Structure formats: structure tokens, C-alpha cells
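The structure under discussion appears below in the form of C-alpha cells.
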Amino acid sequence: MRYLPRVADDLLATTLATSGAVQVKGPKWCGKTATSLQRASSAVYMQDPDHSRSYLALADVKPSALLEGDTPRLIDEWQMAPQLWDAVRFAVDRRGEPGQFILTGSTTPTVQGAHSGVGRIATLVMRTMTLFESGESTGQVSLRSLFDGNLDVAGVSTLDVEAMAQILCRGGWPAAVTTGAASSTGRLARSYVEGLIDSDVARFDGVNRHSGRMRALMRAYARHVSTQASQATITADLAVDDATMAPNTVSDYLDALTRAYVIEDLPAWNPVLRSRTAIRTSPTRHFVDPSIGTAVMRWSPADLLRDVEAFGLHFESLCVRDLRVYAEANDGTVHHYRDKTGLEADAVVVLADGRWAPVEITLGTRQLDDAATHLRRLRERMDLERMGEPSFLAVITAGATAYRRDDGVLVLPLACLRH
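Read in the UniProt record's numbering, the sequence shown has 110 at position 110, and its numbers run on one by one without any break.
Right under this line is the structure:
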């Protein structure tokens, strides 16, 4: 399979230059190993069926032996032997050089080692491919350029709404992107979901979880994507599939899905406001890739085109995934905002230096005026003396053209964005 350049390529190179080791985290099949191999000079694959048993035995008695090799040395699926974490930390201390190890993993072990790795092992999060990485965004509008004040945007998307529905169901899985066959849209995502339910998460951490309950919970979660539904609401929604689960069981299953990088909720933003308006702190529900939701619901592109509300919610999840990747390339994070009056922003991009920009997301163009009004009201509610002016206000759409409205709000097709 040919390698498509990733936003994480430069991040990994930069991080290796300043840290003794880099932990590359993210969902299974998102391309962590392929990206890491672009920088690694040697590798050990803990899941290699020919050697896995001997590697695990060696990790128990002499983990340092697995670290021997040209650097940077890739240790793939290191979490199979969590003691390797401390071995890497110790080796980094002894060697005193940057760029020694790359650790990749698709789950977060409950026990990671006696030491945190702070200052020795940096973290890089990878996700599935953005539209820019898959070659489906023109990249005419750069997030970095927007934050630098270049707001006279212009661009034309090459995607129509039917193509966006195809992309949602296909997902950003590199194997699906490089195959490119419309006839297989969603097939890889469905295989991923079934594998998760029947093996990976079902036996996560040695705990046997009921595959039927896991499937029902993921379906309930999919029905609340891009909302701030509480865990109690999601639990109650299990009744749609004639399923019931105790609250503590739901908590355990959701925790397993989080640690397996299947779900990635969007945290609330807590800015300084002019007034004492209460800010809601519930996260927005998202899968790490929107195709997981469509796969578990068995939705096709045609199903999405028939259900505009569901299409819009899962399109928002697609936008959040891309924004997270683009923001992290600019040393930023993504949050959402909602207060007790109902004023909200689907996403707020916040850079490490304090610059910020609120974003509304809408599938079509009919809601542009309402979305722009929400963004202007949000700006007025901020304590701008302490927060600073927003770098820009933007509405991300599935529309055709990027432009700046008369009120200053930017209209940005997702398929024109890049980092």
C-alpha cells in the first residue's frame, strides 16, 4: 500500500528532535505504524505471530534487549508488554540523546509503568486521515494562515453532498482511502467495528465484555453523536435495541471504548465571560472517526442523504476530527462551548499562545445567517480584555465556496481546509 503523507509526519520529526522517545497514540488502522516507519531505523513488532511469545517472555526477564537496534527504534504495540515503558524511560536517561525510540499503540493500558515518562517520553496523537491528507480537500484555506490574520479567503470545493456522504461512510482509514473503490464504501469501517466488538474491546484488559451489549451501546452512542447527551441518556436509549445495562457496566464499556481510541469526546471550553452566565461542562459525543457511527448503524450514503438530520450530526463529527488534526499541527486544541442560555459554538480552536476562534458547523447553506449570528453573539459575551479578540469567526460547511461575508464571518467548505 502506497504511503500518503500525513500531517503527523512533521510533528513526529520535530518531536523526535527534542525528546528521547515519542509515544504515538491513536485508533487501530489509522496509520501509526506506517507513519512511524518513515522515521524509524529499526523496529520490533510485538504482535508478530512468529515472535510475539518470545518477545513477551524477553520483556519479562530483560526488556532492555528489545530496545537494542538502530535509532530511532520503533516498538510497535508496546502496550502488550507495559514494562517496556519503564525500560524506555531508563534507556533514555542513560543515553541522554533525543530520538531514541518510537512507541506505537492502539490501546492505553491500565498499568503503564512505575514512572510517568514526563520529560522523557513525548506524546503524539494520530487520528484517521483528514480530507486534506486523503487528497479530497483542495487545501486552499490554511488554519495557520487564518490565525495569522489572512482572512481574505477564497476557494472552491470539488466535493458535492453525495461525495461527502460517501466519505462519511468510508471514513479516513488509510486502507479505505488508498483503495478508493466506491463499491467498498463503508466495508472497512464495518470490519473495524465488528473486530472491535467481537475481539479487541470485548476482551480488553482481560475483561470479557458481552458483544451484544457492546454493539447496542455503540448504536446508542451513534444516535447521540454531536450532542451533549449524558451517560444516563445514552443508557436509557439502549431500550431502542431492547437492551439494558447497569450504569456501572455502561461506564466500564465506555471507558474501554475510550482507551481503545474508539470514542473521543470533545471537552467543554471555559472562557472568561463578561457576565456570570453559567457554562455547561458536558462533553460533546464523538467517535474518533465518523464512519464508526455509520458502520454500527449500518447506514449507507443513500441512508444519510435521506436523513438530513443524522447526516448533519455526523458531518459535524467529521469536521471536528479534521479540526483536531489541523489544530494540533498548530499547537492547539479543540473544544466546544455552550452556556445556560443555549448559546453555543460547535467547536472552538484554542492555540497554546491564547489565540482562539469559534466555529459553527452546518451541512448546508440555509443556516448560515443563524450560525453567523451565534458567532457574533458569542464574541459579545466574552470578556475581550482578558480573552483577546477572536482571531476569526467561521462557519464550516459542505458547500462549494470559501468566502468572507459582509459581517466578517468566514464561510469555509471543509473540503477547502488544511492545517
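Virtual Cβ for every residue (Gly too), placed ideally from N, Cα, C.
Keep in mind that this is a model prediction, so the values were computed, not measured.
With DSSP as the reference, label S282 as helix, strand or coil. Position 282 of the sequence shown, counting from 1, holds the residue named residue 282. Reduced to three states, the DSSP call for S282 is coil.
Hey, quick one: how far does the beta strand (DSSP E) through S42 stretch, first residue to last? Counting from 1 along the sequence shown, the entry for residue 42 is found at position 42. It spans S42 to Y45 - the beta strand (DSSP E) in which S42 sits, taken as one unbroken run.
For the alpha helix (DSSP H) containing R338, list its first residue and its last residue. Along the sequence shown, one-based indexing puts residue 338 at 338. Not the alpha helix (DSSP H): R338 falls in the beta strand (DSSP E), residues G332 to R338.
Please report how far the alpha carbon of R73 lies from the alpha carbon of D242, in whole angstroms. In the sequence shown, residue 73 corresponds to position 73, counting from 1. In the sequence shown, residue 242 corresponds to position 242, counting from 1. The alpha-carbon atoms of R73 and D242 are separated by roughly 49 Å.
Keeping to the same chain, check which residues put their C-beta closer than 6 Å to that of M1; ignore five residues upstream and five downstream. Mapped onto the sequence shown, residue 1 falls at position 1. Result list for M1: T178, in chain order.
How long is the line joining the alpha carbons of D303 and T158, rounded to whole angstroms? As a working note, residue 303 is residue 303 in the sequence shown. As a working note, residue 158 is residue 158 in the sequence shown. Roughly 22 Å separates the two Cα atoms.
In the DSSP assignment, the beta strand (DSSP E) including F101 goes from what residue to what residue? Translated into positions along the sequence shown, residue 101 becomes position 101. Where F101 is concerned, the enclosing beta strand (DSSP E) stretches over F101 to G105.
Rounded C-beta distance between G99 and L16? I'm assuming under 8 Å. Indexing the sequence shown from 1 puts residue 99 at position 99. Indexing the sequence shown from 1 puts residue 16 at position 16. That belief holds up - the Cβ atoms of G99 and L16 are roughly 4 Å apart, short of 8 Å.
Within 10 Å of its beta-carbon, does Y337 have 16 or more other beta-carbons around it, so buried, or fewer, so exposed? As a first step, residue 337 is located in the sequence shown; it is residue number 337 there, counting from the start. Counting Cβ neighbours within 10 Å, Y337 comes out buried, since at least 16 surround it.
What did DSSP end up calling Q23 once you bin it into helix, strand or coil? Translated into the one-based positions of the sequence shown, residue 23 becomes position 23. Reduced to three states, the DSSP call for Q23 is strand.
Measuring alpha carbon to alpha carbon, tell me which of R285, V325 and D331 ends up nearest residue 422. With the chain covering 1 to 419 only, the question about residue 422 has no answer from this structure.
Is DSSP giving M387 helix, strand or coil here? Start at 1 with the first residue of the sequence shown, and residue 387 comes out as number 387. Helix, per DSSP.
Coarse secondary structure for R404, derived from DSSP in three states: For this step, residue 404 is matched to residue 404 along the sequence shown. If DSSP states are grouped into helix, strand and coil, R404 belongs with the strands.
Distance, Cα to Cα, G171 vs R94? Residue numbering aside, residue 171 sits at position 171 when the sequence shown is read from its first letter. Residue numbering aside, residue 94 sits at position 94 when the sequence shown is read from its first letter. Those two C-alpha atoms are separated by around 42 Å.
From this set, R366, L37 and A347, which residue's C-alpha is nearest A357's C-alpha? The residue given as residue 357 occupies position 357 in the sequence shown. Residue A347 is the option with its Cα nearest to A357.
When you compare the CB positions of C416 and I361, do they come within less than 7 Å of one another, or not? As a working mapping, residue 416 is identified with position 416 in the sequence shown. As a working mapping, residue 361 is identified with position 361 in the sequence shown. It is not a contact, given that the beta carbons lie outside the stated cut-off.
Rounded to whole angstroms, what is the Cα-Cα separation between Y403 and A8? Position 403 of the sequence shown, counting from 1, holds the residue named residue 403. Position 8 of the sequence shown, counting from 1, holds the residue named residue 8. So the two alpha carbons sit approximately 28 Å from each other.
Can you list, in chain order, the residues of its chain with a C-beta nearer than 7 Å to that of D383? Leave out the 5 residues immediately preceding and following it. Residue 383 sits at position 383 when you count from the first residue of the sequence shown. The answer, listed in chain order, is V272, L273 and R274.
List the endpoints of the continuous alpha helix (DSSP H) containing W85. On the sequence shown, position 85 is the one that residue 85 refers to. Note, W85: alpha helix (DSSP H), L84 to R95.
Which of the three DSSP states is assigned to F311 in this structure? To locate residue 311, count along the sequence shown from 1; it is residue 311. Helix.
Taking DSSP as the reference, what is the three-state secondary structure of E380? Indexing the sequence shown from 1 puts residue 380 at position 380. Helix, per DSSP.
Taking the runs of the alpha helix (DSSP H) that are 4 residues or longer, which of them lie wholly in the segment 221-306? 231-237, 247-259, 290-296 and 301-306
Could you please give the first and the last residue of the uninterrupted beta strand (DSSP E) stretch that includes V125? The residue labelled residue 125 in the question sits at position 125 within the sequence shown. Per DSSP, V125 belongs to the beta strand (DSSP E) from I121 to V125.
I want to know whether the segment 387-396 touches the segment 328-344 - three or more CB-CB distances under 8 Å. no
Which residue or residues does DSSP assign as beta-bridge partners of G155? As a first step, residue 155 must be located in the sequence shown, where it is residue number 155. Answer is A402, bridged to G155.
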